[in-house]
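> Take a look at the following structure, please.
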Amino acid sequence: MRADILLATDLSGCSGPAARVAAEYARRLGARLHVLHVRPSETSAPETALRRLVAELGGGPVLSAVETGIPVADKIVRYAEDHGIGLIVVGTHRRTGVSRALLGSVAERVVRTAACPVLAVPCVWRGEARERMAS
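Residue numbering for the sequence shown follows this note's numbering, starting at 150 and increasing by one per position.
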């Protein structure tokens, strides 16, 4: 049985590269792709943006979910544990200095706390996953 892949997304413009990489890995590995958005509170309504992202990914089986709560990274890791995820893919905003110290890094915390491998894809990624992946 192949482990599923989890794309954890904040649905920002920086999510695109991570989404493309996650979808390519899922296609190549024949894995089911989970797309998760964690919102800090009930006030945000990401369902439309999440449906649009899932539609753009196309291809194989894709499950989508919205979780609410903080810390966001803990919700991502818990989802991965609860669903038997074998790889988590997250985008990074590449914040540095004060902004990183004040805002934290969800990707960094996921890398430190997840029990499975985590692939962090920079926001500025311009390549296609298949061009960089080993065959």
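Using N, Cα and C, we set each Cβ at its ideal position, and we do this for glycine too.
Whole-angstrom Cβ separation of Glu191 and Thr158, contact assumed at under 8 Å?
Glu191 to Thr158, Cβ: 18 Å. No contact.
> Spell out whether any CB of chain D is found under 7 Å from the CB atom of Ala171.
Structure shown: chain D not included; a single protein chain is present.
> Given this structure, state the Cα-to-Cα distance separating Arg227 from Ala256, to the nearest angstrom.
Roughly 14 Å separates the two Cα atoms.
> Would you give the residue range spanned by the beta strand (DSSP E) that Asp153 belongs to?
That run of the beta strand (DSSP E) goes Asp153 to Ala157.
> In the DSSP output, which residue or residues are listed as bridge partners for Thr217?
Arg188, per the DSSP bridge assignment.
> How is Gly165 classed by DSSP in three states: helix, strand or coil?
DSSP places Gly165 in helix when its eight states are reduced to three.
> If you draw a straight line from the alpha carbon of Arg180 to that of Tyr174, how long is it in whole angstroms?
Residue identity check: residue 180 is Ala in the sequence provided, not Arg. Each residue's Cα considered, the two are about 8 Å apart.
> Can you name the start and end residues of the beta strand (DSSP E) that Val239 belongs to?
Per DSSP, Val239 belongs to the beta strand (DSSP E) from Ile234 to Thr241.
> With the cut-off set at 7 Å, would you say Val203 and Val215 are in Cβ contact?
Result no, Cβ atoms of Val203 and Val215 do not sit closer than 7 Å.
> Apply the 10 Å Cβ neighbour rule to Arg177 and answer buried if 16 or more other Cβ atoms are within range, or exposed otherwise.
Per the 10 Å Cβ criterion, exposed.
> Just the Cα atoms here: how many angstroms apart are Pro271 and Pro195?
C-alpha separation (whole angstroms): 22 Å.
> Just to confirm the assignment, what range does the beta strand (DSSP E) spanning Leu199 have?
Taken as a continuous stretch (DSSP letters only), Leu199 belongs to no beta strand (DSSP E), being part of the alpha helix (DSSP H) at Glu196 to Leu206.
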